[in-house]
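Chemist:
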Amino acid sequence: MLRFATSVQGRFIATLLLVFVLCGAPLAAAETDPLLVVPVNSGACLQHLDRHHERSFLQEEVRQFQQLAEEALTLRAVTIKAGRELQHKAEIEEPLSGQDLDLLSQGLVIHLDLRKRLMAVAEAHECWLTLNDDELAMAGLTPESRLEGIMLSLAAALVMYDN
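In the numbering used here, each number is its position in the sequence shown, counted from 1, plus 80.
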């Protein structure tokens with residue numbers, strides 16, 4: 081067991097496991113990583129509502145989210161391909177090169193940045209769910225815009241969870 085843990089294959093599996101835990105389990109990370117989560121009581125969602133409640137801005141947010149979702153899906157495909165190549169190296173007991181380790185490191189940084197951006201979209205409209213009719217009117221939101229904002233946040237959360 082000790083030999084496995086100190087071998088290249090063992091280090092690779094441990095590193096890969098770390099990548100999957102950090103990038104593939106956003107719910108667990110969201111509970112513990114203060115850099116990736118805006119606390120509910122921070123008012124970030126309400127501040128976003130005050131600044132960006134116009135219909136045209138919401139449409140722009142949807143357009144930007146579509147690009148972000150495409151980026152997430154592309155990155156996912158690249159990550160799966162790279163993971164398979166590194167796993168193959170581990171299976172044939174070929175040591176990981178410096179380039180392989182750089183790839184893992186850069187991939188982790190890119191995934192964390194993507195998660196941060198997805199989390200911001202997911203949290204931007206979460207408070208819209210609990211607005212009453214008076215607050216909705218004061219904010220200048222139509223029920224349709226409210227629904228669109230909530231759906232946008234939900235879509236971002238699902239992309240983050242899937243990625």
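For every residue, glycine included, the Cβ atom is placed at its ideal position computed from N, Cα and C.
Everything numeric in this text was worked out from a predicted model, so none of it was measured.
What separation, rounded to the nearest whole angstrom, lies between the Cα atoms of Glu151 and Met240?
Modeler: Cα to Cα, Glu151 sits roughly 11 Å from Met240.
Chemist: Among Glu165, Leu183, Leu194, which one has its Cα closest to the Cα of Ala237?
Modeler: It is Leu194 whose Cα lies nearest to the Cα of Ala237.
Chemist: Just to confirm the assignment, what range does the alpha helix (DSSP H) spanning Glu174 have?
Modeler: It is not in any alpha helix (DSSP H) - Glu174 carries neither H nor E in the DSSP assignment.
Chemist: Taking the straight line between their C-alpha atoms, what separation do you get for Ala105 and Val142?
Modeler: Note on Ala105: pLDDT 39, under 50, position unreliable in the model; the coordinate value appears next. Whole-angstrom Cα-Cα distance: 24 Å.
Chemist: Grab the span of the alpha helix (DSSP H) containing Gly123 for me, first residue to last.
Modeler: That residue, Gly123, is in no alpha helix (DSSP H); it is neither H nor E in DSSP.
Chemist: Can you tell me which of Pro223, Gly163, Ala202, Leu183 puts its alpha carbon nearest to the alpha carbon of Asn212?
Modeler: Selected option, being the one with the closest Cα: Pro223.
Chemist: Just the Cα atoms here: how many angstroms apart are Gly178 and Leu184?
Modeler: So the two alpha carbons sit approximately 10 Å from each other.
Chemist: Would the beta-carbon of Arg197 fall within 8 Å of that of Leu232?
Modeler: No; because the gap between Cβ atoms is not below 8 Å, this pair is not in contact.
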